[in-house]
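Reading through the structure tokens given below for one structure.
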Amino acid sequence: MSSRRSVRYTTSPLLASKTPVWRSKFIVAAIALGFVVLAARAAYVQVIGNDFYQRQGVVRFERTLTLPANRGRILDRNGLILASSVIAPSVWAIPEDVERNDPETRAKLRQVAQLLGMKLQDLDKKLADEDKTFVWIQRQVDEPIAKQIAALGIKGLHQTREYKRQYPEGEAAAHVVGFTNVEDQGQEGIELSFNKALGGQPGSQRVIKDRLGRVIEGVGEVTPPVDGKDIQLSIDSKVQFFAYQKLRDAVNQHKAKAGSVVVLDAVTGEVLALANYPSYVPDKRQNLTGEMLRNRALTDTFEPGSTMKPITVAMAMEAGRVKPSTVIDTSPGRFQLGGFTIRDTHNYGALTVEGVIQKSSNVGSIKIAQKMTPQEMWDTYTALGYGQKPQVQFPGAVAGRLRPWKSWKPVEQATMSYGYGLSASLFQMAQSYTSFAHDGRIVPVTILKSSEPAVGQRVFSPEHAAAVRKMLQMAAGPGGTGQRAQTVGYSVGGKSGTAHKQVGKGYASNKYRSWFTGMAPIDKPRIVVAVMIDEPSAGQYFGGTVAAPVFSEVVQQTLRMMNVPPDLAVKPMVVTQDVDESF
Numbered sequence: 085m086s087s088r089r090s091v092r093y094t095t096s097p098l099l100a101s102k103t104p105v106w107r108s109k110f111i112v113a114a115i116a117l118g119f120v121v122l123a124a125r126a127a128y129v130q131v132i133g134n135d136f137y138q139r140q141g142v143v144r145f146e147r148t149l150t151l152p153a154n155r156g157r158i159l160d161r162n163g164l165i166l167a168s169s170v171i172a173p174s175v176w177a178i179p180e181d182v183e184r185n186d187p188e189t190r191a192k193l194r195q196v197a198q199l200l201g202m203k204l205q206d207l208d209k210k211l212a213d214e215d216k217t218f219v220w221i222q223r224q225v226d227e228p229i230a231k232q233i234a235a236l237g238i239k240g241l242h243q244t245r246e247y248k249r250q251y252p253e254g255e256a257a258a259h260v261v262g263f264t265n266v267e268d269q270g271q272e273g274i275e276l277s278f279n280k281a282l283g284g285q286p287g288s289q290r291v292i293k294d295r296l297g298r299v300i301e302g303v304g305e306v307t308p309p310v311d312g313k314d315i316q317l318s319i320d321s322k323v324q325f326f327a328y329q330k331l332r333d334a335v336n337q338h339k340a341k342a343g344s345v346v347v348l349d350a351v352t353g354e355v356l357a358l359a360n361y362p363s364y365v366p367d368k369r370q371n372l373t374g375e376m377l378r379n380r381a382l383t384d385t386f387e388p389g390s391t392m393k394p395i396t397v398a399m400a401m402e403a404g405r406v407k408p409s410t411v412i413d414t415s416p417g418r419f420q421l422g423g424f425t426i427r428d429t430h431n432y433g434a435l436t437v438e439g440v441i442q443k444s445s446n447v448g449s450i451k452i453a454q455k456m457t458p459q460e461m462w463d464t465y466t467a468l469g470y471g472q473k474p475q476v477q478f479p480g481a482v483a484g485r486l487r488p489w490k491s492w493k494p495v496e497q498a499t500m501s502y503g504y505g506l507s508a509s510l511f512q513m514a515q516s517y518t519s520f521a522h523d524g525r526i527v528p529v530t531i532l533k534s535s536e537p538a539v540g541q542r543v544f545s546p547e548h549a550a551a552v553r554k555m556l557q558m559a560a561g562p563g564g565t566g567q568r569a570q571t572v573g574y575s576v577g578g579k580s581g582t583a584h585k586q587v588g589k590g591y592a593s594n595k596y597r598s599w600f601t602g603m604a605p606i607d608k609p610r611i612v613v614a615v616m617i618d619e620p621s622a623g624q625y626f627g628g629t630v631a632a633p634v635f636s637e638v639v640q641q642t643l644r645m646m647n648v649p650p651d652l653a654v655k656p657m658v659v660t661q662d663v664d665e666s667f
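For the sequence shown, this note's numbering begins at 85 and goes up steadily by one.
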């Protein structure tokens with residue numbers, strides 16, 4: 085028999101006490117009621133108010149992630165890259181999670197500031213508001229730097245994958261390709277013109293995130309991004325670089341304000357080069373100014389000056405008023421009209437029409453223009469694209485100024501014959517000269533690669549276009565105003581121009597624009613080149629002296645790159661005498 089005493093619960097005073105029955109029933113009823121309330125609440129949440137709570141869950145925790153599309157590349161005519169996208173992580177933070185007062189974290193934040201090239205105080209400002217759950221620290225960081233930051237393992241510091249653009253040709257092609265902003269949207273140049281095609285279509289994915297913004301799981305189907313298309317330009321990056329280099333050297337040599345050069349394929353109408361100086365580096369724009377950003381070849385207009393004289397002669401021949409051999413008396417080297425005196429730099433006496441172009445006679449141009457009506461001149465100018473915005477796939481192109489012919493005064497008709505009283509961009513001038521290079525048809529221009537010969541609209545007959553080409557060759561040859569345009573191995577033709585710059589309602593006496601527009605080889609032109617130097621101030625300012633040498637170098641290099649065989653015996657260029665041109 086066990087020595088352990090048996091416990092008799094019925095003898096326990098606590099258990100032996102009588103409990104009221106209502107208390108037990110109350111407790112059971114309360115528990116049952118609780119279950120009923122919970123069940124009712126669950127039914128309300130799951131059935132009656134389900135839509136509301138679903139929406140709240142979506143709003144608070146479900147997010148749509150944008151899956152960025154890879155932006156298309158910009159290529160030159162030979163497939164060389166002018167612009168492409170590379171991975172560039174962006175650094176962001178949850179300020180309330182960053183332990184800024186911790187000495188170890190503080191030291192790491194100092195390293196982050198150094199890696200990002202920012203002051204520690206600036207980083208602190210971004211992290212100062214602990215109520216924030218998101219703040220950008222720096223967008224589009226170079227990947228090696230992003231990896232170093234990630235290796236520090238700072239709590240609250242995160243990275244997201246983005247892309248940024250790189251421009252291998254740098255400042256040489258800046259005004260062609262343009263650039264994008266931090267959101268990868270085109271802002272200038274081809275990046276802006278073809279932004280939709282280059283940008284593609286971003287994808288999306290629905291995900292659930294926690295309160296710290298971390299992705300917990302994906303929900304629903306993923307819409308994959310559609311990468312942007314590559315755009316292949318007509319630009320030849322080698323021609324572009326060489327043209328930019330020679331333009332830059334000329335601007336610096338003549339202490340000029342700026343300059344531009346345009347190279348067109350006279351057969352296809354393709355833009356082979358379009359350069360401006362000063363320029364900028366598209367992916368390093370910290371110190372970018374408006375002067376550097378302007379695509380002057382398309383946006384700046386000016387009075388073309390003497391480069392309009394071949395057009396005046398061509399329209400007069402087309403109208404049957406003169407022939408190349410027609411003699412024009414320019415004595416005594418000046419012409420009175422409506423109280424104005426228009427002068428030549430010399431008294432050239434009797435000149436043939438060819439001689440008027442060769443010597444760049446203002447008086448001769450006026451007398452030829454007087455043989456035509458204002459409407460005839462206006463119709464030709466319009467057919468050549470003056471007074472109209474160039475139809476090229478490029479932003480910023482301007483129309484210039486060409487007033488309606490009915491409002492012309494006799495003196496205005498006279499001055500327009502030698503390039504005053506109307507305005508045009510360098511790009512318009514280059515395109516208008518394709519009418520001489522393409523047997524009388526003005527060629528439609530394109531910035532995109534094209535292998536098909538252009539047709540164009542007829543403005544002059546082939547015979548008259550050939551006659552003007554001969555005059556342009558004389559103007560660039562011995563006794564002409566553009567002798568420095570001659571090049572080794574290739575025949576060239578072109579016209580120099582120099583004009584006083586407009587200041588307010590008048591003209592500055594000591595500020596000029598100098599240019600040269602021409603083509604080569606002269607019998608069967610392949611390219612048209614236009615050069616403009618703005619405000620040369622080193623003592624020389626005539627277009628034949630300042631702009632023609634740039635034309636010569638660009639023509640020779642471009643034709644060699646295009647494998648165009650020389651049409652002249654290779655011999656040194658001889659400049660017999662610099663000839664001053666009339667304004």
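Each residue gets a CB set at the ideal place from its N, CA and C atoms; glycine is no exception.
Per DSSP, the bridge partner or partners of S507: As a working mapping, residue 507 is identified with position 423 in the sequence shown. According to DSSP, S507 bridges with R485.
Helix, strand or coil: how does DSSP classify Y247 here? The residue labelled residue 247 in the question sits at position 163 within the sequence shown. Reduced to three states, the DSSP call for Y247 is strand.
Going by DSSP, what residues sit across from K368 in a beta bridge? By one-based count along the sequence shown, residue 368 stands at place 284. Beta-bridge pairing links K368 to V365.
Helix, strand or coil at D349 according to DSSP, with G and I counted as helix: The residue given as residue 349 occupies position 265 in the sequence shown. Residue state, collapsed to three classes: strand.
So for T383, helix, strand or coil by DSSP? Counted from its first residue, the sequence shown places residue 383 at position 299. Looking at T383 - three-state DSSP - the assignment turns out to be helix.
Round the Cβ separation of K313 and L276 to the nearest angstrom and send it over; I've been treating them as touching at under 8 angstroms. Here residue 313 refers to the residue found at position 229 of the sequence shown. Here residue 276 refers to the residue found at position 192 of the sequence shown. Actually they do not touch by this definition, with Cβ atoms about 16 angstroms apart.
When you compare the region 259-276 with the region 350-364, are there three or more beta-carbon pairs, one atom per stretch, that lie closer than 8 angstroms? yes
Are K219 and P179 close, meaning C-beta to C-beta below 8 angstroms? As a working note, residue 219 is residue 135 in the sequence shown. As a working note, residue 179 is residue 95 in the sequence shown. Per the sequence presented here, residue 219 reads as Val, with Lys not at that position. Their beta carbons are under 8 angstroms apart, which means V219 touches P179 by this criterion.
Residues in the same chain with beta-carbon distance under 8 angstroms from I452, minus the five sequence neighbours each way, listed in chain order, please. Reading the sequence shown from its first residue, position 368 is the one you call residue 452. Hits under 8 angstroms: T396, V397, A400, R405, V406, I412, V437, V440, S501.
To the nearest angstrom, how far is the alpha carbon of F492 from that of S535? Within the sequence shown, numbered from 1, the residue matching residue 492 stands at position 408. Within the sequence shown, numbered from 1, the residue matching residue 535 stands at position 451. One detail in the question is off: residue 492 reads as Trp in this sequence, not Phe. About 42 angstroms.
Between the alpha carbons of K455 and S344, how many angstroms are there, rounded? Stepping through the sequence shown from its first residue, residue 455 is reached at position 371. Stepping through the sequence shown from its first residue, residue 344 is reached at position 260. Between K455 and S344, the C-alpha separation is close to 35 angstroms.
Between P656 and the rest of its own chain, which residues show a CB-CB distance below 8 angstroms, the 5 nearest in sequence each way excluded? Counted from its first residue, the sequence shown places residue 656 at position 572. For P656, the predicted model reports a pLDDT of 48, less than 50, meaning its position is unreliable and no value from the coordinates is stated.
Please report how far the alpha carbon of R157 lies from the alpha carbon of V225, in whole angstroms. Along the sequence shown, one-based indexing puts residue 157 at 73. Along the sequence shown, one-based indexing puts residue 225 at 141. Distance between the alpha carbons of R157 and V225 is about 20 angstroms.
When you compare only the Cα positions, how much space is there between F278 and R190? Numbered from its first residue, the sequence shown carries residue 278 at position 194. Numbered from its first residue, the sequence shown carries residue 190 at position 106. Between F278 and R190, the C-alpha separation is close to 45 angstroms.
Between T601 and the rest of its own chain, which residues show a CB-CB distance below 7 angstroms, the 5 nearest in sequence each way excluded? On the sequence shown, position 517 is the one that residue 601 refers to. Excluding residues within five positions, the ones whose Cβ falls inside 7 angstroms are T391, M513, A514, Y517, G578, K579, A614.
Could you check how far apart the C-beta atoms of R249 and D160 are, in whole angstroms? I think they sit under 8 angstroms. Residue mapping note: residue 249 aligns to position 165 of the sequence shown, counting from 1. Residue mapping note: residue 160 aligns to position 76 of the sequence shown, counting from 1. Not a contact, Cβ separation roughly 16 angstroms.
Let me confirm a value: R610 is counted as buried when at least 16 other C-beta atoms fall within 10 Å, else exposed. Which label applies? Stepping through the sequence shown from its first residue, residue 610 is reached at position 526. By the neighbour-count rule (16 or more Cβ atoms within 10 Å), R610 is buried.
Start-to-end residues for the alpha helix (DSSP H) that takes in F478: What you label residue 478 is simply residue 394 of the sequence shown in a count that begins at 1. From DSSP, F478 is part of no alpha helix (DSSP H); its letter is neither H nor E.
Reference S318; option with closest CA among V351, Q337, N336, Q289: Against the sequence shown, residue 318 aligns to sequence position 234. Nearest C-alpha to S318: V351.
Just mark E267 as buried or exposed, buried being the case when its beta carbon has 16 or more other beta carbons within 10 Å. To locate residue 267, count along the sequence shown from 1; it is residue 183. The residue in question, E267, is exposed, as its Cβ has fewer than 16 Cβ neighbours within 10 Å.
Alpha carbon to alpha carbon, how far is P228 from G561? Against the sequence shown, residue 228 aligns to sequence position 144. Against the sequence shown, residue 561 aligns to sequence position 477. Distance between the alpha carbons of P228 and G561 is about 58 angstroms.
Is W106 helix, strand or coil by DSSP? Start at 1 with the first residue of the sequence shown, and residue 106 comes out as number 22. Helix, per DSSP.
Given this structure, state the Cα-to-Cα distance separating K533 from G566, to the nearest angstrom. In the sequence shown, counting from the first residue as 1, residue 533 sits at position 449. In the sequence shown, counting from the first residue as 1, residue 566 sits at position 482. Their backbone Cα atoms lie some 32 angstroms apart in a straight line.
If contacts are defined as beta-carbon pairs under 8 angstroms, then I221 and K192 qualify, I think. What distance do you get, rounded to the angstrom? On the sequence shown, position 137 is the one that residue 221 refers to. On the sequence shown, position 108 is the one that residue 192 refers to. No, I221 and K192 are not in contact; Cβ-Cβ is about 13 angstroms, not under 8 angstroms.
Would you call W106 buried or exposed, if buried means 16 or more other Cβ atoms sit within 10 Å of its Cβ? In the sequence shown, counting from the first residue as 1, residue 106 sits at position 22. With fewer than 16 other Cβ atoms within 10 Å, it is exposed.
Using beta-carbon positions only, say whether A583 and F386 come within less than 8 angstroms of one another. Your numbering for residue 583 matches position 499 in the sequence shown. Your numbering for residue 386 matches position 302 in the sequence shown. For A583 and F386, yes; Cβs fall inside 8 angstroms.
Cα-Cα separation between A592 and Q459, rounded to whole angstroms: As a first step, residue 592 is located in the sequence shown; it is residue number 508 there, counting from the start. As a first step, residue 459 is located in the sequence shown; it is residue number 375 there, counting from the start. Approximately 31 angstroms between the Cα atoms of the pair.
Would you tell me roughly how many angstroms separate the C-alpha atoms of Y432 and A559, rounded to the nearest one? In the sequence shown, counting from the first residue as 1, residue 432 sits at position 348. In the sequence shown, counting from the first residue as 1, residue 559 sits at position 475. For Y432 and A559, the distance between alpha carbons rounds to 15 angstroms.
Same chain only: Cβ atoms within 8 angstroms of L204, ignoring 5 sequence neighbours per side: For the purposes of this step, residue 204 is taken as the residue at position 120 of the sequence shown. Closer than 8 angstroms at Cβ, skipping near neighbours: L193, R194, A197.
Per DSSP, A177 is paired with what? Position 93 of the sequence shown, counting from 1, holds the residue named residue 177. Its beta-bridge partners are V219, L241.
With DSSP run on the structure shown, which of helix, strand or coil describes K407? Here residue 407 refers to the residue found at position 323 when the sequence shown is read from its first residue. Coil at K407, not helix or strand.
Nearest neighbour of K595, chosen from H338, P649, D186, L151 [CA to CA]: Position 511 of the sequence shown holds residue 595. The shortest Cα separation from K595 among H338, P649, D186, L151 belongs to H338.
Taking only the alpha-carbon atoms, compute the straight-line gap between N371 and T383 and give it to the nearest angstrom. Translated into the one-based positions of the sequence shown, residue 371 becomes position 287. Translated into the one-based positions of the sequence shown, residue 383 becomes position 299. Distance between the alpha carbons of N371 and T383 is about 21 angstroms.
Over the uninterrupted alpha helix (DSSP H) stretch that includes L282, give me the two end residues. Residue 282 sits at position 198 when you count from the first residue of the sequence shown. Unbroken alpha helix (DSSP H) run through L282: 279-283.
DSSP state of T307, grouped into three classes? As a working note, residue 307 is residue 223 in the sequence shown. In the structure shown, T307 sits in a strand (DSSP, three-state: E or B).
What is the residue span of the alpha helix (DSSP H) that Q232 lies within? Along the sequence shown, one-based indexing puts residue 232 at 148. Its alpha helix (DSSP H) spans residues 227-235.
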